[in-house]
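First up is the structure itself, then whatever we jot down about it.
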Amino acid sequence: MTISKEFDIPTYYFYTSGAAALGAFLYFPKIHEQTTQSFKDLTDTVIEFPGRKSPLKAIHMIEPLLDRDDPAYWDFLSFCSDLPKSKGIIVNTFEELEPPAVLHAIAEGLCVPDGPTSPVYYVGPLIDEEKVSGNDAAAAEEDCLSWLDKQPSRSVVFLCFGSRGSLPAIQLKEIAKALEASGQRFLWVVKKPPVDEKTKQVLGVDDFDLEGVLPEGFLERTKDRGMVVKSWAPQAEVLKKESVGGFVTHCGWNSVLEAVVAGVPMIAWPLYAEQHLNRNVMATDMEIAIAVEQRDEEDGFVSGEELERRVRELMESEEGRVLRERSKKIGEMAMAALGENGSSTRNLVNFVNSLT
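For reference, each letter of the sequence shown is one residue, going 412 to 767 in the working numbering.
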């Protein structure tokens, strides 16, 4: 932003997460003033954000903000301070998805109490089309989509944790235990577990023994109602399938939007970045997800019993049925927002007009 000011170039930010996370980023400089401690040390502290029902544990702030001695902390503080000084902020979400109180807090300057806030333009949902490359990827896509076509309507739980969602072997075994005990149909994308340097020298980036990281006999015992794929699946296409009734997600915003557009309710299991912020608002404010309980430790471990309980809650309970109905309606709102008279179309026009 310093360079753009020097050359008198208007600065706009394209913010790739939702309005609730944006509000938290705008408010962060104010939080910074309220403590001199690192968030990683504030184990009993929760942080309140304007417009949000759901506070956030301090230890769940995004990684660069956990330690004040980390240079990234100060870089991020500078970025958050610059956001409201820009000519505008373009956000990949749509008004109907976001909590009205959050939109109000941003619009009325409650997130930046000491100065003006830039105009904010909600123009989503913007979803990139997935591109398949290579014979193996194409075969994996065809296999899982064909399998889904054979399953009953809204009967399958889809589990996928994003491009960085590599879980340790002990956690994979807990997930397997939960899926087997739940009795539900499932499609599960398993990435190579994190390994030590010696093992990295033995295995390629994506090559690993799937049976070796899962409980013995799991694949055989669940073959009639489950499918496990290595490394990748066409997530957006999977979520559009009639047979998919729930999505266990890491709460990355692109994944959230794909599920929202498809009208699929979620089980929220955050891993990194702003995903804890997203999880809280998805479950409490937006009411489009059920959140799993995780250990507060850095690994965020989820027990098999906890995941089984949440899967059953989503797929079998009255609360799950209500969540599915709400998710379907919000999916329809997403499409309407991009229509000729939709809120996102209107906001995009307003943004373009602001440039002239």
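C-beta: ideal position from N, C-alpha, C; glycine also.
Grouping DSSP H, G and I as helix and E and B as strand, with all else coil, what is TYR438? In the sequence shown, counting from the first residue as 1, residue 438 sits at position 27. TYR438 falls in the helix class under three-state DSSP.
Of the residues SER728, ARG720, TRP599 and ASP455, which one's Cα is nearest the Cα of MET638? Counting from 1 along the sequence shown, the entry for residue 638 is found at position 227. Ranking SER728, ARG720, TRP599 and ASP455 by Cα distance to MET638 puts TRP599 first.
Minimum length 4: unbroken alpha helix (DSSP H) runs contained in the stretch 477–532: 482–493 and 511–518
Looking at the structure shown, is PHE450 part of a helix, part of a strand, or coil, going by DSSP? By one-based count along the sequence shown, residue 450 stands at place 39. Helix at PHE450.
Among the residues of its own chain, which have a CB less than 8 Å from the CB of VAL671, if the five just before and after it don't count? Position 260 of the sequence shown holds residue 671. Within the same chain, VAL671 has close Cβ partners LEU508, PRO536, ILE699, SER738, ILE741, GLY742 and ALA745.
Where PHE597 falls: helix, strand or coil (DSSP): For the purposes of this step, residue 597 is taken as the residue at position 186 of the sequence shown. Three-state result, PHE597: strand.
Using the Cα positions of TYR484 and PHE490, report the straight-line distance between them to the nearest angstrom. Position 73 of the sequence shown, counted from the start, is the residue given in the question as residue 484. Position 79 of the sequence shown, counted from the start, is the residue given in the question as residue 490. Whole-angstrom Cα-Cα distance: 10 Å.
Member of SER577, LYS603, LEU514 and ASP696 whose CA lies at the smallest distance from the CA of GLY434: As a first step, residue 434 is located in the sequence shown; it is residue number 23 there, counting from the start. The shortest Cα separation from GLY434 among SER577, LYS603, LEU514 and ASP696 belongs to LEU514.
Contact between the stretch 488–507 and the stretch 523–533 (3+ Cβ pairs under 8 Å): yes
Counting C-beta neighbours from all protein chains within 10 Å, is the total for GLY462 16 or more, i.e. buried, or is it exposed? Numbered from its first residue, the sequence shown carries residue 462 at position 51. Label assigned to GLY462: buried.
Under the three-state reduction of DSSP, which class applies to VAL713: helix, strand or coil? If you number the sequence shown from 1, residue 713 lands on position 302. Here VAL713 sits in coil by DSSP.
Relative to the alpha-carbon of ALA430, which residue among THR447, MET697 and PRO563 has its alpha-carbon at the smallest distance? Locating residue 430 in the sequence shown gives position 19, counting from the first residue. Comparing Cα-Cα distances from ALA430 to each of THR447, MET697 and PRO563, the minimum goes to MET697.
Of all the options ALA516, ASN503, ILE442 and ARG479, which has the alpha carbon lying nearest to the alpha carbon of LYS464? Working through the sequence shown from its first residue, we reach residue 464 at position 53. With distances taken between Cα atoms, LYS464 lies closest to ALA516.
Where do the ends of the alpha helix (DSSP H) carrying LEU734 lie? As a position in the sequence shown, residue 734 is number 323, starting the count at 1. Counting along the chain, the alpha helix (DSSP H) containing LEU734 begins and ends at 729–748.
Exposed or buried, LYS416, counting other C-beta atoms within 10 Å across all chains shown (16 or more means buried)? For this step, residue 416 is matched to residue 5 along the sequence shown. LYS416 is exposed by the Cβ-count criterion.
By how many angstroms is the C-alpha of PRO475 removed from the C-alpha of VAL523? For the purposes of this step, residue 523 is taken as residue 112 along the sequence shown, with counting starting at 1. For the purposes of this step, residue 475 is taken as residue 64 along the sequence shown, with counting starting at 1. Roughly 21 Å separates the two Cα atoms.
For ALA518, count neighbouring C-beta atoms within 10 Å of its own C-beta (all shown protein chains included) and say buried if the count is 16 or more, exposed if not. Indexing the sequence shown from 1 puts residue 518 at position 107. By the neighbour-count rule (16 or more Cβ atoms within 10 Å), ALA518 is not buried but exposed.
LYS770 by DSSP, collapsed to three states: which one? A query on residue 770 cannot be resolved here, the shown segment of the chain reaching from 412 to 767 and no further.
How long is the line joining the alpha carbons of THR422 and THR456, rounded to whole angstroms? Counting from 1 along the sequence shown, the entry for residue 422 is found at position 11. Counting from 1 along the sequence shown, the entry for residue 456 is found at position 45. Answer to the nearest angstrom: the Cα atoms are 35 Å apart.
Quick one: what's got a C-beta closer than 6 Å to LYS584's C-beta in the same chain, skipping five residues either side? In the sequence shown, counting from the first residue as 1, residue 584 sits at position 173. If we look at LYS584 and ignore the five residues flanking it on each side, its Cβ neighbours are PRO626.
Sufficient close CB pairs (3 or more, under 8 Å) joining the stretch 720–735 to the stretch 559–577: yes
Collapsed DSSP secondary structure at LYS634 in the structure displayed: Walking along the sequence shown from the start, residue 634 turns up at place 223. Note: LYS634 maps to coil in three-state DSSP.
Buried or exposed: where does GLU704 fall if 16 or more other Cβ atoms within 10 Å of its Cβ makes it buried? Walking along the sequence shown from the start, residue 704 turns up at place 293. Per the 10 Å Cβ criterion, exposed.
Just the Cα atoms here: how many angstroms apart are ALA512 and LEU766? Counted from its first residue, the sequence shown places residue 512 at position 101. Counted from its first residue, the sequence shown places residue 766 at position 355. Distance between the alpha carbons of ALA512 and LEU766 is about 28 Å.
Note down the Cα distance separating THR427 from GLY499, rounded to an integer number of angstroms. The sequence position of residue 427 within the sequence shown is 16, counting from 1. The sequence position of residue 499 within the sequence shown is 88, counting from 1. Rounded to whole angstroms, THR427 to GLY499 spans 14 Å at the Cα level.
Going by alpha carbons, who is nearest to ALA684 out of TRP664, VAL675 and ASP618? Numbered from 1 along the sequence shown, position 273 holds the residue referred to as residue 684. With distances taken between Cα atoms, ALA684 lies closest to TRP664.
Between which two residues does the alpha helix (DSSP H) holding ILE414 run? Against the sequence shown, residue 414 aligns to sequence position 3. Residues 413–417.
Roughly how many angstroms separate the alpha carbons of GLN562 and LYS441, rounded to a whole number? Within the sequence shown, the letter at position 151 stands for residue 562. Within the sequence shown, the letter at position 30 stands for residue 441. Roughly 50 Å separates the two Cα atoms.
Would you list the one or two residues that DSSP bridges to THR660? Within the sequence shown, residue 660 is the residue found at index 249, counting from 1. The partner list for THR660 (beta bridge, DSSP) reads CYS571 and ALA679.
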